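In our numbering, the protein residues as written are 1045 to 1300. C-beta atoms are modelled at their ideal positions from N, C-alpha and C, and glycine is treated no differently. The structure displayed is predicted, hence computed values, not measured ones.
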């Protein structure tokens, strides 16, 4: 107000990312640019307005650039892993958070009696979608790097669990509005929009096998091995693009 310029406005998003609106220029002075610099061209480059000049069009702070949307999480292809603690089904991957838009530039001080208004923060990015969990397994016998002989046994699996769905992306927020300048000072611009978050990918469907092994396959001497019903894939947040794999069923399954 009057000859007091608007100050820098810094905003912190829940992700920890920040954006800032540039300070306004003092009387006859230029405004400061907004951050982060996203490399856009005028008039959405977040530049500060010029001083000692008419507000329209040169003295106003420039609007900040919109942030790019985050990429969706990649689809998973593995069914899981067998280790000393048992079978671990393959979960999907969480999407990344979107980044904030660029803060706008501060307005210029038009004359000796008026300072410029401060710029606005950019909008925060949307949150990334959560990962889908892996479907639970039905396994009658698991053999980890062991030598096993099956004699006159009946091993049967039941139904496995369905893979969990990947989460939807969060939408980036709109940027703020710059402040007015002094009586004849120029105003700051509008902050850029935050980028959308990425969607989460779906988890793998569960396995339903009579014998699961890593290493040497068990020797079957007259045993009956019956698979169950595999679990269906978890649908990704971007349906069809990052779904998980369907599970697998059958009498025996080797994993690496």
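Exercise for the section: May I ask you to report which of helix, strand or coil DSSP gives residue 1103? Expected result: Reading the chain shown from its first residue, position 59 is the one you call residue 1103. Three-state DSSP puts residue 1103 in a helix.
Problem - DSSP state of residue 1277 mapped onto helix, strand, coil - result: Counting from 1 along the chain shown, the entry for residue 1277 is found at position 233. Looking at residue 1277 - three-state DSSP - the assignment turns out to be coil, as it is neither helix nor strand.
Problem - Pairwise C-alpha distance: residue 1210 and residue 1285 - result: Here the question's residue 1285 lines up with position 241 in the chain shown. Here the question's residue 1210 lines up with position 166 in the chain shown. Each residue's alpha carbon lies about 11 angstroms from the other.
Exercise for the section: Grab the span of the beta strand (DSSP E) containing residue 1256 for me, first residue to last. Expected result: On the chain shown, residue 1256 is found 212 positions in, with the first residue counted as 1. Per DSSP, residue 1256 belongs to the beta strand (DSSP E) from 1252 to 1258.
Exercise for the section: Throw me the rounded Cβ distance for the residue 1169 and residue 1147 pair, which I believe falls under 8 angstroms. Expected result: Reading the chain shown from its first residue, position 125 is the one you call residue 1169. Reading the chain shown from its first residue, position 103 is the one you call residue 1147. That belief does not hold up - the Cβ atoms of residue 1169 and residue 1147 are roughly 14 angstroms apart, past 8 angstroms.
Exercise for the section: Give a yes or no on whether the C-beta atoms belonging to residue 1238 and residue 1161 are separated by under 8 angstroms. Expected result: Within the chain shown, residue 1238 is the residue found at index 194, counting from 1. Within the chain shown, residue 1161 is the residue found at index 117, counting from 1. The answer is no: Cβ separation not under 8 angstroms.
Problem - Bounding residues of the beta strand (DSSP E) (the contiguous stretch that carries residue 1053) - result: Working through the chain shown from its first residue, we reach residue 1053 at position 9. Counting along the chain, the beta strand (DSSP E) containing residue 1053 begins and ends at 1053 to 1056.
Exercise for the section: For residue 1263, collect the residues of the same chain with a Cβ closer than 6 angstroms to its Cβ; drop the 5 residues on either side in sequence, then sort them by chain order. Expected result: One-based indexing of the chain shown puts residue 1263 at position 219. Closer than 6 angstroms at the Cβ level, and outside the excluded window around residue 1263, lie 1193.
Practice task
Report yes or no: do three or more beta-carbon pairs, one from the region 1274 to 1289 and one from the region 1227 to 1238, lie closer than 8 angstroms?
Solution key: no
Exercise for the section: Answer yes if the region 1245 to 1260 comes into contact with the region 1277 to 1296, meaning at least three C-beta pairs across the two stretches below 8 angstroms, and no otherwise. Expected result: yes
Problem - Sequence ranges, beta strand (DSSP E) only - wholly within the region 1190 to 1267, length at least 3 - result: 1193 to 1195, 1198 to 1200, 1252 to 1258 and 1263 to 1265
Exercise for the section: Decide if residue 1196 is buried, meaning its Cβ has at least 16 other Cβ atoms within 10 Å, or exposed. Expected result: Locating residue 1196 in the chain shown gives position 152, counting from the first residue. Looking at its Cβ environment, which holds fewer than 16 other Cβ atoms inside 10 Å, residue 1196 is exposed.
Handout entry: Spatially closest choice to residue 1296 from 1267, 1280 and 1253, by CA coordinates
Key = Reading the chain shown from its first residue, position 252 is the one you call residue 1296. The residue with the shortest Cα to Cα distance from residue 1296 is 1253.
Practice task
May I ask which residues mark the beginning and end of the beta strand (DSSP E) holding residue 1296?
Solution key: Your numbering for residue 1296 matches position 252 in the chain shown. Residues 1293 to 1298.
Exercise for the section: Can you give me the start and stop residues for the beta strand (DSSP E) that residue 1125 sits inside? Expected result: Position 81 of the chain shown, counted from the first residue, corresponds to residue 1125. Counting along the chain, the beta strand (DSSP E) containing residue 1125 begins and ends at 1124 to 1127.
Exercise for the section: Give the single residue among 1153, 1216 and 1217 whose Cα lies nearest to the Cα of residue 1104. Expected result: For the purposes of this step, residue 1104 is taken as residue 60 along the chain shown, with counting starting at 1. For residue 1104, the nearest C-alpha among the options comes from 1153.
Handout entry: Alpha carbon of residue 1086 to alpha carbon of residue 1111, nearest angstrom
Key = As a first step, residue 1086 is located in the chain shown; it is residue number 42 there, counting from the start. As a first step, residue 1111 is located in the chain shown; it is residue number 67 there, counting from the start. Computed Cα separation, rounded: 15 angstroms.
Exercise for the section: With a cut-off of 8 angstroms on the beta carbons, I'd call residue 1136 and residue 1176 a contact; round off their distance for me. Expected result: Taking the first residue of the chain shown as 1, we reach residue 1136 at position 92. Taking the first residue of the chain shown as 1, we reach residue 1176 at position 132. Right, the Cβ-Cβ distance comes to about 4 angstroms (below 8 angstroms), so this counts as a contact.
Problem - Residue nearest to residue 1141 in terms of C-alpha spacing, selected from 1097, 1217 and 1108 - result: Locating residue 1141 in the chain shown gives position 97, where the first residue counts as 1. Among 1097, 1217 and 1108, the Cα nearest to that of residue 1141 is on 1217.
Problem - Assigned exposure category for residue 1049 - 16 Cβ within 10 Å defines buried - result: Within the chain shown, numbered from 1, the residue matching residue 1049 stands at position 5. Buried, since its Cβ has 16 or more Cβ neighbours within 10 Å.
Exercise for the section: Out of 1188, 1205 and 1171, point me to the one whose CA is closest to residue 1180's CA. Expected result: Looking up residue 1180 in the chain shown gives position 136. Minimum Cα distance to residue 1180 is reached at 1205.
Exercise for the section: From the DSSP output, in three-state form, read off residue 1062 for me. Expected result: As a first step, residue 1062 must be located in the chain shown, where it is residue number 18. Looking at residue 1062 - three-state DSSP - the assignment turns out to be strand.
Exercise for the section: Would you mind giving the Cβ-Cβ distance between residue 1063 and residue 1079, rounded to the nearest angstrom? I have them listed as a contact below 8 angstroms. Expected result: Taking the chain shown and counting its residues from 1, one reaches residue 1063 at position 19. Taking the chain shown and counting its residues from 1, one reaches residue 1079 at position 35. Right, their Cβ atoms sit about 6 angstroms apart.
Exercise for the section: Look at the Cβ atom of residue 1304, then the Cβ atom of residue 1092, and state whether they are nearer than 8 angstroms. Expected result: Because residue 1304 is not part of the residues shown, which for the chain are 1045 to 1300, the question remains open.
Practice task
Please classify residue 1130: is it buried, with 16 or more other beta-carbons within 10 angstroms of its beta-carbon, or exposed?
Solution key: Reading the chain shown from its first residue, position 86 is the one you call residue 1130. Flag for residue 1130 reads exposed.
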